[in-house]
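Right, one structure below, let's go through it.
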Amino acid sequence: MKLLLTLCIWMLSFASNNVYQPANTVDLKVLIGHWKLDMSPQDTADDNFAMMSITKVKDRSFEGEFYREGVKIKNGQINVQLGIIYGALLSGDNSGDYHSTFYYQEGMLHGTTHAIDKGFLSVWTATKID
């Protein structure tokens, strides 16, 4: 009985995770392009938007701009070991450094940006505009 229960739980864990793809089948090129970042996704009435442009993906890294034109992505890294695209980057301007992370799901990016020196954590979503 214990073996049957264990087998059922094991089978259900695979059946319920229909988003999972093996890491070697994930297409990282879906990240390349221009993204419109909604910096306050909880408020549909505002117009608080930023941008991200990913221009190059190579191996497990990426390049581009984040937040506004001219702010280069530094140390853009990708992880797909769970079959989901996760990304992390560092950006910054004269006001400090920004640490951002995101994951890709169903054509959207879901992310956070943490400004350590400013003491805030922003939650955002992004849609591809080209």
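Basically the working numbering = 1-based index in the sequence shown + 7.
Don't be surprised by glycine CBs; every beta carbon is placed ideally from N, CA and C.
Bear in mind the structure is a predicted one, so any value in this text is a computation, not a measurement.
Taking the Cβ atoms as the reference, I80 lies roughly 15 Å from L35, outside the contact range of under 8 Å. With fewer than 16 other CB atoms across the displayed protein chains lying within 10 angstroms of its CB, I136 is exposed. Spatial neighbours of A122 in its own chain (CB-CB distance under 7 Å, excluding positions within 5 residues in sequence) are listed in chain order as G103 and Y105.
Rounded to whole angstroms, L89 and I61 show a C-alpha spacing of 22 Å.
By the Cβ-count criterion, D124 is exposed, with fewer than 16 other Cβ atoms from all chains shown falling within 10 Å of its own Cβ. V130 sits exposed, since fewer than 16 C-beta atoms from the chains shown fall within 10 Å of its C-beta.
The DSSP assignment places 40 to 45 as complete runs of the beta strand (DSSP E) inside the stretch 29 to 61, in order along the chain (cut-off: 3 residues).
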